[in-house]
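A.B. asks: Could you have a look at this structure, given as structure tokens, before my questions?
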Amino acid sequence: MPRGQLFLTTKLPPAGVGRELEALHQSLAALGTDYVDLWLIHHPQEDGAGLETWRRLIEVRDAGPARAIGVSNFSLERLDELARGSRVVPAVNQIRWNPFLFDRGVWKGHLARGIVLQGYTPFRRAYLDDPVLVEIAEGHGRSPAQVIVRWHLQHGVIVMPRSARRERIWANADVAGFELSGTEMGRLDARGGTYRGV
Ligand SMILES: NC(=O)c1ccc[n+]([C@@H]2O[C@H](COP(=O)([O-])OP(=O)(O)OC[C@H]3O[C@@H](n4cnc5c(N)ncnc54)[C@H](OP(=O)(O)O)[C@@H]3O)[C@@H](O)[C@H]2O)c1
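Residue 32 in our numbering sits at position 1 of the sequence shown, with consecutive numbering throughout.
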């Protein structure tokens with residue numbers, strides 16, 4: 032597959048803070064490429080958002096090996112710290128996300144800031160046997176996992192379903208042929224806040 036048809040994301044691990052360019056070059060070598068499409072700070076630093084780190088990511092992006100830069104596991108307040116301190120808004124914030132973690136304020140907060148919300152653990156921290164989810168899935172003749180993927184897309188959220196099984200990878204991506212109604216979206220949104228795990 033030509034490189035231009037792939038969208039590659041990598042993260043700056045905590046051990047890469049202070050040596051950002053070197054860490055990115057290590058990732059590029061491991062991936063066998065000379066640029067990534069998206070480079071993320073894995074999580075905020077203990078003493079704040081990590082404005083100095085963010086400024087170094089901006090410099091590296093401007094030099095070319097990272098087409099876009101963003102963050103992961105940032106709150107809206109921490110996102111604002113970065114934007115205020117650098118005048119560069121992260122392109123993406125990758126956070127834990129699924130119907131059971133839905134938070135309208137967080138979702139709208141990303142929209143209002145022009146930051147793309149990228150959800151992780153769409154299934155692992157979800158309840159695939161939740162009665163509301165199962166009822167909606169059965170109504171469409173789809174799996175609960177497919178309904179979760181579709182729910183993300185209809186909210187304009189990037190979803191990152193992972194599977195080691197070929198048939199599930201195909202099925203999880205096969206969601207173009209149905210649409211959740213406004214009522215169904217609302218019922219799924221209303222499951223937000225019911226997640227009780229860690
Ligand atoms: N930024 C961060 O801090 C952070 C943290 C955690 C994860 N992530 C990223 O988020 C992505 C996904 O995370 P994840 O692996 O934690 O969670 P996930 O995609 O929610 O869950 C993966 C699990 O769900 C199962 N699964 C997949 N399709 C299924 C289906 N149709 N029905 C039932 N089960 C299904 C998989 O099993 P099988 O393999 O057996 O299908 C696997 O055990 C990864 O790319 C990961 O790197 C980011």
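Where a beta carbon is used, it is the ideal one built from N, C-alpha and C, also for glycine.
(1) Just list the alpha helix (DSSP H) runs in the segment 183-211, keeping only unbroken ones of 4 residues or longer that don't cross its boundaries, in chain order.
(2) Could you say if the segment 118-125 and the segment 162-173 meet the contact criterion of at least three C-beta pairs nearer than 8 Å?
(3) Taking only runs of the alpha helix (DSSP H) that begin and end inside the segment 86-145, which ones reach a length of at least 4 residues, in chain order?
(4) Can you have a look at L69 and say buried or exposed, based on whether 16 or more other CB atoms are within 10 angstroms of its CB?
(5) Can you tell me which residues fall inside 5 Å of ligand 1, judged by beta-carbon distance to its nearest heavy atom, and keep chain order?
(6) Given this structure, state the Cα-to-Cα distance separating A54 from F38, to the nearest angstrom.
(7) Identify the continuous beta strand (DSSP E) that holds T41 and give its terminal residues.
(8) Let me confirm a value: P45 is counted as buried when at least 16 other C-beta atoms fall within 10 Å, else exposed. Which label applies?
(9) Can you tell me the Cα-Cα spacing of I89 and I146, whole angstroms?
(10) Taking Cβ positions, are A168 and N129 nearer each other than 7 Å?
(11) Quick one: what's I72 bridged to in DSSP?
(12) Taking just the CA atoms, how far does G49 sit from R192?
(13) How would you call K139, buried or exposed, if buried means at least 16 neighbouring beta carbons within 10 angstroms?
(14) Quick check: what's the CA-CA separation for M216 versus T225?
(15) Taking the continuous beta strand (DSSP E) assigned at L37, which residues delimit it?
(16) Looking at Q125: is its Cβ nearer than 7 Å to the Cβ of S103?
(17) I believe A195 touches Q177 by the beta-carbon criterion, under 8 Å. Please report the beta-carbon distance rounded to the nearest angstrom.
(18) Are the beta-carbon atoms belonging to F131 and H171 less than 7 Å from one another?
(19) Please report the distance separating the alpha-carbon of G112 from that of A99.
(20) What span of residues does the alpha helix (DSSP H) with G213 cover, start to end?
C.D. replies: Inspection of the coordinates gives the following:
(1) 197-204
(2) no
(3) 107-117, 135-144
(4) buried
(5) S103, Q125, Y151, T152, P153, F154, R155, A176, M191, P192, R193, S194, A195, R196, R199
(6) 19 Å
(7) 40-43
(8) An exposed status is given to P45, since fewer than 16 other beta-carbon atoms sit within 10 Å of its beta-carbon.
(9) 16 Å
(10) no
(11) L43, V102
(12) Correcting the residue identity first, residue 192 is Pro in this sequence and not Arg. For P192 and G49, the distance between alpha carbons rounds to 31 Å.
(13) exposed
(14) 16 Å
(15) Careful: L37 lies outside any beta strand (DSSP E) and carries neither H nor E.
(16) S103 sits close to Q125, with the two beta carbons spaced by under 7 Å.
(17) Not really, about 18 Å apart at Cβ, beyond 8 Å.
(18) It is not a contact, given that the beta carbons lie outside the stated cut-off.
(19) A quick correction: the sequence has Glu, not Gly, at residue 112. E112 and A99 have their C-alpha atoms some 19 Å from each other.
(20) 213-220
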